[in-house]
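Listed in order, the protein sequences are those of chains A and B. So that you can map any letter, position 145 of the first sequence is 145 in our numbering, and since no number is skipped, the others follow by simple counting. So our numbering is basically just the index in the second sequence, starting at one, shifted up by 166.
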Amino acid sequence: MRDVCHVGRLCGLVLGAMVALAPLGCSSNGSAVSGSGGAGGTNSGAGGAAGGSSGLVKGAGGAGAATGGVTGNGGTTSGTGGAGGSATGGAGGTTSGTAGAAGTTSSPGGAAGTTSSPGGAGGTSAAGGNGGTAGALGAGGAAGAVAGPPLGLQYDGTISYLRVRP
Amino acid sequence: MKMTRMILAVAASLGALSAGARPATASGAEVVEVSAPILPRVSVLYAAEGNNFPASLADQAALAHQAALTFDFLMTACSMNHTGIVIPGPGDPPTTPAQNAANLETVANCAYTDFVSKPYWIPALVDQVDICGTELGPSWHLITEADVNDVTEADAQAMAAALSTPNSTTFFGNFYFSLHVWVRAAGGSLARADLSPGVTTRMSALPVAATSTTHYESDMALRCIRRTPVTP
């Protein structure tokens with residue numbers, strides 16, 4: 001009940017934040033229930049997608065890849081951005097959010113939820129799971145386990161890049 | 167309470183609507199690897215063209231294998247006479263972008279000066295022999311029309327950026343830095359594709375017959391591709 005009341009007090013902020021973030025795509029791909037977004041892989045892995053979109057506050061972004069990751073975005077309310085790879089740190093929440101730390105090399109980290117749920121943990125060089133969409137805690141997507149190469153031109157002349165399907 | 171539920175429902179709806187306009191899920195991601203060109207050693211290839219072109223598929227495969235120079239082979243071979251090639255061993259730190267660029271440029275230079283390789287494959291050989299699978303492994307294949315159709319502008323820019331090494335324009339650019347490639351078209355025939363940024367029509371017909379047993383001089387690189395889904 002306390003959570004519901006909390007949601008009630010925050011609803012205006014939640015709506016506003018969601019509308020504001022919609023064009024940015026910071027909180028997309030939540031699952032039916034709230035859950036954890038995926039953390040990035042250890043090597044060139046993509047982090048999890050969005051965490052929960054509504055409900056509790058302080059959603060955590062998915063952790064980025066150990067190498068070459070881009071961090072996830074924080075929640076709209078008090079969210080914490082995911083830890084990223086070497087490239088770019090993730091954006092924090094729109095309200096009291098903490099930006100994710102930059103990582104060490106190149107894949108995208110998981111995006112945090114718009115409001116509460118934490119981003120899920122990802123696998124090695126794989127995409128993390130999607131976050132939930134509402135309220136209560138839920139399981140995030142399972143971590144991937146597909147090993148992937150670093151991105152860009154490799155020492156053996158191979159060109160590697162990560163493509164995210166629409 | 168009712169009001170709270172209504173607001174939550176609206177919020178959920180807004181979230182669902184806005185999600186459609188957002189970037190894709192990470193679960194739909196894939197890692198795309200485009201190999202360095204496999205160039206033939208022309209001293210081997212030219213001697214077996216035309217009337218000397220092997221009749222059997224087995225002999226054609228043997229010819230392709232004998233002529234094919236992979237980047238891996240060249241890295242090792244060229245490192246004996248050229249400086250600047252870094253081949254990381256087990257436990258070594260990842261190579262830097264500068265080292266990767268130096269590798270590409272040095273091998274590109276060595277492939278021509280030391281092995282007389284040019285991208286002048288015999289079309290019939292490319293058509294009949296699975297050069298990618300044979301030389302790089304079964305997870306690799308000759309770029310297909312479907313692969314080409316999936317190339318986004320961002321992908322093309324990523325490839326072009328990767329090939330924009332400091333001296334790319336002076337190291338036989340048409341040989342190792344070309345994004346004009348041999349392609350297997352949807353109908354099964356050989357074709358040509360341009361993977362460069364800004365290109366609207368990437369596929370085009372092969373200017374010569376795929377049955378030709380004479381080497382074809384062009385800037386088309388025989389690159390292979392491997393696509394690995396990134397699964398959550």
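Where a beta carbon is used, it is the ideal one built from N, C-alpha and C, also for glycine.
- Using 8 Å as the limit for Cβ to Cβ distance, is residue 303 of chain B near chain A? Locating residue 303 of chain B in the second sequence gives position 137, counting from the first residue. No, no contact with chain A.
Problem set entry | residue 313 of chain B versus residue 198 of chain B - alpha carbon distance | Within the second sequence, the letter at position 147 stands for residue 313 of chain B. Within the second sequence, the letter at position 32 stands for residue 198 of chain B. In a straight line, the C-alpha of residue 313 of chain B is about 10 Å away from that of residue 198 of chain B.
Practice problem: Can you grab the Cα-Cα spacing for the pair residue 385 of chain B / residue 203 of chain B, in whole Å? | Solution: Residue numbering aside, residue 385 of chain B sits at position 219 when the second sequence is read from its first letter. Residue numbering aside, residue 203 of chain B sits at position 37 when the second sequence is read from its first letter. Each residue's Cα considered, the two are about 11 Å apart.
Query - Exposure of residue 275 of chain B, with buried meaning 16 or more beta-carbon neighbours within 10 Å - result: Along the second sequence, one-based indexing puts residue 275 of chain B at 109. Here residue 275 of chain B is buried, its C-beta having at least 16 other C-beta atoms within 10 Å.
Q.
Can you tell me whether residue 360 of chain B is helix, strand or coil according to DSSP?
A. On the second sequence, residue 360 of chain B is found 194 positions in, with the first residue counted as 1. The answer is strand: DSSP assigns residue 360 of chain B an E or B state.
Less than 8 Å between CB atoms is the rule here; does residue 332 of chain B satisfy it with respect to chain A?
Taking the first residue of the second sequence as position 1, residue 332 of chain B is located at position 166. It does not; no Cβ of chain A falls within 8 Å.
Exercise. Whole-angstrom Cβ separation of residue 153 of chain A and residue 161 of chain A, contact assumed at under 8 Å?
Worked result: By 1-based counting over the first sequence, the position of residue 153 of chain A is 153. By 1-based counting over the first sequence, the position of residue 161 of chain A is 161. 10 Å between Cβ atoms; not a contact.
Taking 7 Å as the cut-off, does the CB of residue 230 of chain B come closer than this to any heavy atom belonging to the ligand GDP? Looking at this structure, you won't find the ligand GDP or any other ligand, since it has none at all.
Task: C-alpha distance - residue 217 of chain B paired with residue 349 of chain B, whole-angstrom precision - done: Taking the first residue of the second sequence as position 1, residue 217 of chain B is located at position 51. Taking the first residue of the second sequence as position 1, residue 349 of chain B is located at position 183. When rounded, the distance between both Cα atoms is 26 Å.
Check your understanding: Would residue 232 of chain B be called buried (16 or more neighbouring beta carbons within 10 Å of its own) or exposed?
Key -> Here residue 232 of chain B refers to the residue found at position 66 when the second sequence is read from its first residue. By the neighbour-count rule (16 or more Cβ atoms within 10 Å), residue 232 of chain B is not buried but exposed.
* To do: Pick helix, strand or coil for residue 155 of chain A, following the three-state DSSP scheme.
  => As a position in the first sequence, residue 155 of chain A is number 155, starting the count at 1. Coil at residue 155 of chain A, not helix or strand.
Check: Just the Cα atoms here: how many angstroms apart are residue 219 of chain B and residue 388 of chain B?
Finding: On the second sequence, residue 219 of chain B is found 53 positions in, with the first residue counted as 1. On the second sequence, residue 388 of chain B is found 222 positions in, with the first residue counted as 1. For residue 219 of chain B and residue 388 of chain B, the distance between alpha carbons rounds to 20 Å.
Minimum C-alpha distance to residue 371 of chain B - residue among B:196, B:391, B:287 and B:347 = Start at 1 with the first residue of the second sequence, and residue 371 of chain B comes out as number 205. For residue 371 of chain B, the nearest C-alpha among the options comes from B:347.
query = Do three or more CB pairs link the stretch 296–314 of chain B to the stretch 250–258 of chain B at distances below 8 Å?
reply = Output reads no: the stretch 250–258 of chain B does not touch the stretch 296–314 of chain B.
### Residue interval of the beta strand (DSSP E) (run including residue 251 of chain B)
To locate residue 251 of chain B, count along the second sequence from 1; it is residue 85. Taken as a continuous stretch (DSSP letters only), residue 251 of chain B belongs to no beta strand (DSSP E), as it is neither H nor E.
Own chain residues within Cβ distance below 7 Å of residue 234 of chain B, not counting five before or after = As a position in the second sequence, residue 234 of chain B is number 68, starting the count at 1. So the list reads 204, 206, 297 and 301, once near-sequence residues are dropped.
Which residues, taken in chain order from the stretch 248–262 of chain B, show a beta carbon closer than 8 Å to some beta carbon of chain A?
Answer in chain order: 252, 253, 254, 260 and 261.
Check: So which residues on chain A does residue 238 of chain B lean against when the C-beta distance must stay under 7 Å?
Finding: Here residue 238 of chain B is taken as the residue at index 72 of the second sequence, counted from 1. Result: 156.
Report the residue from B:336, B:309 and B:278 whose alpha carbon sits nearest the alpha carbon of residue 237 of chain B. For this step, residue 237 of chain B is matched to residue 71 along the second sequence. It is B:278.
Check your understanding: What is the C-beta distance between residue 295 of chain B and residue 351 of chain B, in whole angstroms, given that I count them as a contact (C-beta under 8 Å)?
Key -> By 1-based counting over the second sequence, the position of residue 295 of chain B is 129. By 1-based counting over the second sequence, the position of residue 351 of chain B is 185. Not really, about 17 Å apart at Cβ, beyond 8 Å.
Q.
Looking at chain A, is there any beta carbon in it that lies within less than 8 Å of the beta carbon of residue 269 of chain B?
A. Along the second sequence, read from residue 1 onward, the residue named residue 269 of chain B stands at position 103. At a cut-off of 8 Å between C-beta atoms, residue 269 of chain B counts as an interface residue with respect to chain A.
- Contact between the stretch 359–370 of chain B and the stretch 313–331 of chain B: three or more CB pairs below 8 Å? In the pairwise beta carbon analysis, the stretch 359–370 of chain B is classified as touching the stretch 313–331 of chain B: at least three pairs are separated by under 8 Å.
Contact criterion: CB-CB distance below 8 Å. Does residue 340 of chain B meet it with respect to chain A?
As a working note, residue 340 of chain B is residue 174 in the second sequence. Against chain A, the CB of residue 340 of chain B has no partner CB under 8 Å away; the residue lies outside that interface.
For residue 391 of chain B versus residue 273 of chain B, is the C-beta spacing smaller than 8 Å? To locate residue 391 of chain B, count along the second sequence from 1; it is residue 225. To locate residue 273 of chain B, count along the second sequence from 1; it is residue 107. Cβ distance not < 8 Å, so residue 391 of chain B and residue 273 of chain B don't count as in contact.
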